[in-house]
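Numbering (full-length UniProt numbering), first residue to last: 1 to 104.
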């Protein structure tokens, strides 16, 4: 089975008490570039390697994708609150301290 999509780590930024991992989603079949990218903010963990933050960011965004897919597939007709929006840009913030997700 060939994967159509690829989730890549574009960068990691270290702040005083947070680490931000930028992930990008690419469609290997239709686009040369990225579909979108997301900044995921994680709490700083003393002594953690970069791979730790990459893995944590991938786990967090995987759960977001699963939640979105489940919401879109709940019924035959999409409810207004689950219809895809036509806006070109979204912001998704994941707070690793309480696992909350907000989107706007």
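All C-beta atoms in this analysis are idealised placements derived from N, C-alpha and C, irrespective of residue type, glycine included. Note that the structure is a prediction, hence the values are computed from the model and not measured.
Coil, strand or helix - residue i by DSSP
i          : result
residue 65 : helix
residue 58 : helix
Burial state of residue i, where buried means 16 or more other Cβ atoms lie within 10 Å
i          : result
residue 45 : exposed
residue 56 : buried
residue 61 : buried
residue 17 : exposed
residue 50 : exposed
Proximity winner among the options, relative to residue i (alpha-carbon distances)
i          : options          : result
residue 39 : 73, 27, 3 and 54 : 54
residue 19 : 30, 62, 6 and 47 : 47
residue 33 : 63, 65, 51 and 8 : 8
Test item: CB-CB of residue i and residue j under 8 angstroms
i          : j          : result
residue 25 : residue 35 : yes
residue 43 : residue 22 : no
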